[in-house]
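A.B. asks: Heads up: the sequence shown begins at 4 in our numbering, then just goes up one per residue. Glycine included, each C-beta is placed from N, C-alpha and C at the ideal position.
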Amino acid sequence: MASFLSSIISNLLKDHPDLSAFTFILPSRRAGALLKKEISLTINKPVFSPEVVNIEEFTEKISGLSTIDNTTSLFEFYSIYEKLTPREELEEFDTFSTWAQTLIHDFNEIDRYLIPPDKIFDYLSEIQDINHWSLAAEKTQLVKNYLAFWRKLPQYYDELTRNLLEKQEGYQGLIYRMAAEKIESFAPGNAPSHVFIGFNALNNAEQKILQKMLEHGSRVFWDIDEVHFNDKDHDA
């Protein structure tokens, strides 16, 4: 029985003997390595290798941004935090880092799922404001500082985004958001040569990118169990 990857290669070779004309996009580098191995086993003559990239590399290409690691994100955020926070409220980097990583993760998820940042930050601020412990007639200074921090989240997010875009850099979510915004101009001239393989549980940015590429001629191959797919009453 042919494997998922070998069946895809055979399918493409029927109409396109030169696979080097394609760009293959897969969920991870490991999946890309497996595809390259399968191509080498299927084709028994010298050929140029097609371009094989993972989804993060693909979004970098569309967005024009380079990915920064978590440590760099943390230092970039601290520079923004120092700029926007009054000196008497400023925390040392060690203390800042204990909660900033979580906030950067939240920024990342907001961007990956294309959530309007202003709306979600307003919502979070209002939630904090109506917490039962903050309903007293006289709020303590601690509570006032806490609520003020939540109201500054849009500023932190906007300034961090602006700063990273100026450097043509981004964390994963920001790169996904920028790629989703630019896919309208990228897809028309590039989509037919792109093949997506093995994706599942797409976030909103990936959905928008993939849908637009398919509209302009890209191909996608899903690894779906035939029994479950054809059984409309199956729990899955």
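For PHE96, count neighbouring Cβ atoms within 10 angstroms of its own Cβ and tell me buried if that reaches 16, exposed if not.
C.D. replies: By one-based count along the sequence shown, residue 96 stands at place 93. It counts as exposed.
A.B. asks: Could you pull the DSSP bridge partners for GLU54 from this structure?
C.D. replies: Along the sequence shown, read from residue 1 onward, the residue named residue 54 stands at position 51. BP columns for GLU54 point to THR26.
A.B. asks: Between the Cα of ILE28 and the Cα atoms of ARG115, GLU129, TRP102, LYS64, which residue gives the shortest distance?
C.D. replies: The sequence position of residue 28 within the sequence shown is 25, counting from 1. ILE28 has its Cα closest to that of LYS64, out of ARG115, GLU129, TRP102, LYS64.
A.B. asks: Reducing DSSP to helix, strand and coil, say where GLU229 ends up.
C.D. replies: As a position in the sequence shown, residue 229 is number 226, starting the count at 1. DSSP places GLU229 in helix when its eight states are reduced to three.
A.B. asks: With which residues is HIS197 paired in a DSSP beta bridge?
C.D. replies: Reading the sequence shown from its first residue, position 194 is the one you call residue 197. Bridge partners of HIS197: THR26.
A.B. asks: Please report the distance separating the alpha-carbon of ILE71 from that of ILE11.
C.D. replies: By 1-based counting over the sequence shown, the position of residue 71 is 68. By 1-based counting over the sequence shown, the position of residue 11 is 8. Roughly 33 Å between the two C-alpha positions.
A.B. asks: Can you look up SER69 in the DSSP assignment and give me helix, strand or coil?
C.D. replies: Taking the sequence shown and counting its residues from 1, the one referred to as residue 69 is at position 66. Strand.
A.B. asks: How many Å lie between THR74 and TYR84 at the Cα?
C.D. replies: For the purposes of this step, residue 74 is taken as residue 71 along the sequence shown, with counting starting at 1. For the purposes of this step, residue 84 is taken as residue 81 along the sequence shown, with counting starting at 1. If you take the alpha carbons of THR74 and TYR84, they lie about 15 Å apart.
A.B. asks: Just curious, the beta strand (DSSP E) that ARG222 is in, first and last residue?
C.D. replies: Numbered from 1 along the sequence shown, position 219 holds the residue referred to as residue 222. First-last of the beta strand (DSSP E) with ARG222: 222 to 224.
A.B. asks: According to the Cβ coordinates, are LEU205 and LEU217 closer than 8 Å?
C.D. replies: Here residue 205 corresponds to residue number 202 of the sequence shown, with the count starting at 1. Here residue 217 corresponds to residue number 214 of the sequence shown, with the count starting at 1. Their beta carbons are not under 8 Å apart, which means LEU205 does not touch LEU217 by this criterion.
A.B. asks: Starting from the Cα of SER221, find the closest Cα among GLU209, GLU59, ALA190 and give me that residue.
C.D. replies: As a first step, residue 221 is located in the sequence shown; it is residue number 218 there, counting from the start. Measuring from the Cα of SER221, the nearest candidate turns out to be ALA190.
A.B. asks: How far does the alpha helix (DSSP H) with TYR160 in it reach, from first residue to last?
C.D. replies: The residue labelled residue 160 in the question sits at position 157 within the sequence shown. TYR160 -> alpha helix (DSSP H) spans 156 to 169.
A.B. asks: May I ask which residues mark the beginning and end of the alpha helix (DSSP H) holding HIS237?
C.D. replies: Against the sequence shown, residue 237 aligns to sequence position 234. Where HIS237 is concerned, there is no enclosing alpha helix (DSSP H), given that its DSSP letter is neither H nor E.
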